[in-house]
């Protein structure tokens with residue numbers, strides 16, 4: 002959105018007679034609630050958020066205490082060109098400093114303390130990889146260029162492993178890519194293509210995490226809590242322990258209208274009658290549905306149940322094909338699960354060990370590891386990170402909270418002769434210590450000062466499963482009068498899932514479309530059309546092979562300038 006389009010829209014006609022019901026309380030729903038009020042002029046007491054659990058925030062969690070340990074199932078890698086996210090938070094007040102917005106404090110922190118990873122990869126029990134190239138050969142660069150220039154519809158449900166030469170999966174680029182974005186070889190090639198287009202300006206920083214921005218505290222305290230407090234101050238109603246089980250639809254001709262919402266609230270079944278004047282926003286699908294936790298002595302139990310969110314989407318999809326195909330994403334848990342764990346270290350040993358690998362002291366509110374450190378030769382493909390400390394507001398100054406995850410939970414460890422999914426928190430920590438170079442006889446001293454909480458997430462990469470157009474519903478499907486879809490499983494042209502930006506963008510699109518608001522949604526940052534960004538990305542891909550840069554830049558520029566008056570300049 003450029004400044005010419007940053008307008009104050011007119012009040013939608015009849016907004017005072019409308020109600021809004023938001024199913025799910027993740028960042029998508031919370032954003033939709035804010036934009037309903039900010040640009041839609043809806044009063045807060047007209048908005049109700051239904052949440053199955055007891056806390057808002059969805060996948061963006063963060064909780065715990067020093068005695069029992071802290072837990073965050075995941076983290077957020079963000080960048081300066083999350084245009085929708087920053088549009089949202091420029092008007093969300095800081096809860097730390099009066100008169101400032103969340104965006105104000107976020108940008109100030111990251112400008113003062115820019116992210117940079119000094120050690121991105123280790124191997125051989127603690128040896129640090131010093132290479133900053135992507136390790137690509139000319140054939141790999143050609144494959145990547147071809148992918149950039151291929152239309153999505155021509156790729157269909159092709160997987161990453163079906164497209165690339167086997168040798169590509171031995172390159173440093175694939176190591177950086179899959180550990181940073183949690184991509185697997187069986188995931189969607191279309192989504193990988195979208196990532197390349199969307200984040201091509203970050204390609205030169207893949208080995209150092211340069212260009213990423215991070216919150217001061219965990220994602221809940223830094224992003225969810227300020228937004229939730231704002232919504233509550235405006236009168237938005239949150240109804241927890243509420244499961245929406247179905248919706249009634251009136252399909253008349255080409256019009257689709259939600260006429261009732263069925264729910265179970267604290268065990269009691271209820272029905273809310275709705276009209277065409279009411280608005281329903283559904284976060285369909287969930288990456289963190291059916292998550293389970295373990296502890297120091299026990300592994301998390303994999304929950305293979307369907308879950309309420311997927312169940313509701315399946316019921317809707319049976320009523321109209323425009324509502325997508327949820328089974329494409331949730332039918333193969335072995336390909337969509339992975340496991341993370343949070344380490345709460347109560348003494349100096351773990352901190353000093355991790356500081357040695359980060360090559361910097363963990364100062365308060367300063368960059369620590371600068372992103373994940375990936376263990377290249379780990380059977381689990383293990384990565385560990387320490388974000389700015391303290392990560393939690395109730396975290397004592399001498400505590401360190403680290404987070405780790407692995408993409409292959411069904412592989413046996415290199416030190417622990419068990420599948421990761423079968424390991425207790427203690428065993429997960431021992432496996433990490435092994436890769437950090439700690440001898441078995443010395444591990445107990447580290448274990449004694451740590452609490453480890455594992456989290457198994459059966460659907461965490463379900464959004465990456467191979468898909469074609471129609472598998473995901475449009476944000477507002479054709480003919481929908483009062484129903485919009487939000488989050489990671491709706492269709493947004495050109496943007497990338499597994500990002501906070503995607504969720505917020507879906508929310509803005511949904512609100513503006515259903516209310517007919519004449520205001521542009523912030524544009525996706527167009528770095529793929531910036532010749533400087535393209536040249537820098539291709540230079541990063543060239544590795545040590547002379548001549549690739551010139552040929553690849555020329556082929557990309559020719560494609561971009563085809564049939565224009567500038568084509569002859571090439």
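In the numbering used here, the protein residues as written are 2 to 571.
Note that beta-carbon positions come from the ideal geometry of N, C-alpha and C, so glycine has one too.
Remember, predicted model here, so these are calculated numbers, not experimental data.
Identify the continuous beta strand (DSSP E) that holds residue i and give its terminal residues.
i, result
"residue 137", "Careful: residue 137 lies outside any beta strand (DSSP E) and carries neither H nor E."
"residue 197", "First-last for residue 197: 190 to 199, but that is the alpha helix (DSSP H), not the beta strand (DSSP E)."
"residue 239", "238 to 240"
"residue 18", "Where residue 18 is concerned, there is no enclosing beta strand (DSSP E), given that its DSSP letter is neither H nor E."
"residue 330", "Note, residue 330: premise wrong, no beta strand (DSSP E); alpha helix (DSSP H) at 328 to 331."
"residue 64", "64 to 66"
"residue 325", "Note, residue 325: premise wrong, no beta strand (DSSP E); not H, not E."
"residue 72", "70 to 72"
Name, in chain order, the residues that DSSP records as bridge partners for residue i.
i, result
"residue 487", "284"
"residue 270", "265"
"residue 492", "475"
"residue 182", "The partner list for residue 182 (beta bridge, DSSP) is empty, contrary to what the question assumes."
"residue 410", "Per DSSP, none; premise fails for residue 410."
"residue 1", "No statement about residue 1 is possible, as the shown extent of the chain runs from 2 to 571 and does not include it."
"residue 346", "401, 451"
"residue 58", "27"
"residue 94", "102"
"residue 80", "213"
"residue 49", "22, 238"
"residue 294", "456"
"residue 129", "123"
"residue 248", "262"
"residue 341", "406, 456"
"residue 1", "For the chain, the structure presents residues 2 to 571; residue 1 sits outside this window and is missing."
"residue 289", "Residue 289 is not bridged to any residue."
"residue 243", "266"
For the putative contact between residue i and residue j, defined by C-beta atoms under 8 Å, what is the C-beta separation to the nearest angstrom?
i, j, result
"residue 480", "residue 257", "5 Å"
"residue 96", "residue 226", "7 Å"
"residue 213", "residue 63", "Incorrect: roughly 18 Å between the Cβ atoms, too far for contact."
"residue 375", "residue 121", "7 Å"
"residue 495", "residue 195", "7 Å"
"residue 57", "residue 26", "4 Å"
"residue 144", "residue 169", "7 Å"
"residue 43", "residue 16", "6 Å"
"residue 274", "residue 261", "5 Å"
"residue 499", "residue 465", "7 Å"
"residue 291", "residue 304", "4 Å"
"residue 199", "residue 493", "Actually they do not touch by this definition, with Cβ atoms about 11 Å apart."
"residue 401", "residue 352", "4 Å"
"residue 263", "residue 247", "4 Å"
Does residue i get closer than 9 Å to chain B when you measure Cβ to Cβ?
i, result
"residue 326", "Annotation note: the requested chain B is absent from the structure, which comprises a single protein chain."
By the DSSP assignment, the alpha helix (DSSP H) with residue i in it spans what residues?
i, result
"residue 28", "28 to 39"
"residue 23", "That residue, residue 23, is in no alpha helix (DSSP H); its beta strand (DSSP E) goes 21 to 24."
"residue 334", "334 to 337"
"residue 161", "161 to 164"
"residue 111", "103 to 113"
"residue 574", "Since the displayed the chain opens at 2 and closes at 571, residue 574 lies outside it and no answer follows."
"residue 170", "Note, residue 170: premise wrong, no alpha helix (DSSP H); not H, not E."
"residue 319", "309 to 320"
"residue 155", "153 to 156"
Requested in this report: Quick one: which unbroken beta strand (DSSP E) runs of 3-plus residues sit fully inside the segment 348 to 398? Chain order, please.
Outcome: 374 to 376, 383 to 386
**Report entry** In chain order, each alpha helix (DSSP H) run of at least 4 residues that lies wholly inside the segment 414 to 484
**Finding:** 426 to 436, 444 to 449
Requested in this report: Evaluate the contact criterion for the segment 322 to 338 versus the segment 427 to 444: three or more CB pairs, one atom per stretch, below 8 Å.
Outcome: no
Query - Unbroken stretches of the alpha helix (DSSP H), 4 residues or longer, contained in the segment 498 to 547 - result: 501 to 516, 532 to 542
Query raised in the report: Should the segment 372 to 387 be called in touch with the segment 477 to 487, which here means at least 3 C-beta pairs below 8 Å?
Result: no
Requested in this report: Report yes or no: do three or more beta-carbon pairs, one from the segment 40 to 48 and one from the segment 228 to 247, lie closer than 8 Å?
Outcome: yes
**Report entry** Inter-stretch contact at 8 Å, needing at least 3 Cβ pairs: the segment 444 to 459 / the segment 339 to 357
**Finding:** yes
Query raised in the report: Would you call the segment 413 to 432 and the segment 102 to 117 touching, i.e. three or more CB-CB distances under 8 Å?
Result: no
Requested in this report: Evaluate the contact criterion for the segment 528 to 538 versus the segment 85 to 103: three or more CB pairs, one atom per stretch, below 8 Å.
Outcome: no
Query raised in the report: For the 8 Å Cβ check, are there 3 or more pairs between the segment 506 to 513 and the segment 17 to 35?
Result: yes
Query raised in the report: Is the segment 535 to 543 close to the segment 490 to 506, with three or more CB pairs under 8 Å?
Result: no
**Report entry** Segment contact, 8 Å Cβ cut-off, at least three pairs: the segment 74 to 84 with the segment 197 to 217
**Finding:** yes
Query raised in the report: Are the segment 381 to 393 and the segment 154 to 168 touching, with three or more C-beta to C-beta distances below 8 Å?
Result: no
Query raised in the report: For the 8 Å Cβ check, are there 3 or more pairs between the segment 272 to 290 and the segment 395 to 411?
Result: no
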